[in-house]
């Protein structure tokens, strides 16, 4: 979203695509739009207008992604990023809690996965790597 002289718009490409597709949909079909980052107010009104959503003809459903039981921990990695050992992560493995680890590359993600997999207690559920394919 950007603002020019107080007028909000979603970008030229979005406007062109929205007009192209919405102009070709019959009025009898349902159209859904989802976003995780829409700000209320003029940005929302601009996007709704572009999609042809008038105030009496669409439902706005807002859900919060706030998770009160989520704890965000940021730590600097103390081991070499190019290595295969990540002992700093062992305490998280032993907590038996759901944990998300952000890695910048697939290679680093795989090395962390293999380290944790090799250090998982045999009584625990096996680790699951998301977004990977099995060879």
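Residue numbers (the working numbering): 30 to 164.
Quick reminder that beta carbons are idealized off the backbone N, C-alpha and C, glycines included.
- A distance of 9 Å or more separates the beta carbons of residue 148 and residue 106.
- Pairwise C-beta distances place the segment 47-66 in contact with the segment 75-91, as three or more of them are shorter than 8 Å.
- Scanning its chain for C-beta atoms nearer than 8 Å, with the 5 sequence neighbours on each side dropped, one finds around residue 145 the residues 115, 118, 122 and 156, in chain order.
- If you look at residue 144, you'll find it in the alpha helix (DSSP H) that goes 135-147.
- For residue 80, the enclosing alpha helix (DSSP H) stretches over residues 71-80.
- The C-alpha of residue 68 is placed about 40 Å away from the C-alpha of residue 109.
- Short of 8 Å from the beta carbon of residue 55, and not among the five residues preceding or following it, lies no beta carbon of its own chain.
- When C-alpha distances from residue 137 are compared across 92, 113 and 96, the shortest belongs to 113.
- Taking C-alpha positions only, residue 95 is separated from residue 101 by approximately 12 Å.
- Linking residue 72 to residue 66 through their CA atoms gives a straight-line distance of about 10 Å.
- DSSP places residue 90 outside any alpha helix (DSSP H), giving it a letter other than H or E.
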